[in-house]
Amino acid sequence: MTTITPTTRPTTTSTSLRAAGLLTAIVLAAIAMAASAVDAVRSGALAMGEGGVAEAIPASFYGPAVLPDLIVQNVGWVAVLGVLTIVAAGIALARSARS
């Protein structure tokens with residue numbers, strides 16, 4: 002009778018570095034999305050409407066944009082690219098954890 006013992010793949014440094022890199026990509030994408038959205042609201046390129054949170058923002062918050070105009074004016078595309086980066090990194094992280 003032959004016994005089959007499950008083998009586990011040893012965790013290598015490259016696997017740990019890959020996971021750390023993917024997690025870093027997720028965090029950086031989230032920070033970029035948040036920073037561009039806040040700057041777009043601050044500069045007036047992205048309107049929040051009236052009521053709710055918009056009423057709680059003091060007038061001193063608004064001012065000129067800190068980020069380049071290309072980023073501020075295209076904040077929607079920055080958000081789309083951030084979400085795609087987070088999803089792709091999450092899928093790659095899940096695949097590397099399974100193998």
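For the sequence shown, the numbering used here begins at 2 and goes up steadily by one. Where a beta carbon is used, it is the ideal one built from N, C-alpha and C, also for glycine.
- Taking every protein chain shown into account, the CB of Met49 has fewer than 16 other CB atoms within 10 angstroms, so this residue is exposed.
- Linking Ala89 to Leu68 through their CA atoms gives a straight-line distance of about 25 Å.
- In this structure the segment 33-42 lies against the segment 51-70, because at least three pairs of beta carbons, one per stretch, are closer than 8 Å.
- With respect to Ile87, Ala33 sits apart: the two C-beta atoms are not nearer than 8 Å.
- The C-beta of Val84 has fewer than 16 other C-beta atoms within 10 Å across all chains shown, which makes the residue exposed.
- The shortest CA-to-CA distance from Ser61 to any of Val76, Ile72, Ile92 and Ser44 is the one to Ser44.
- Collapsing the DSSP output to three states places Gly45 in coil.
- Between Ala21 and Leu94, the CB-CB gap reaches or exceeds 8 Å.
- For Ala55, the enclosing alpha helix (DSSP H) stretches over residues Val54 to Ala57.
- In the three-state reduction of the DSSP assignment, Val67 falls in the coil class, being assigned neither a helical nor a strand state.
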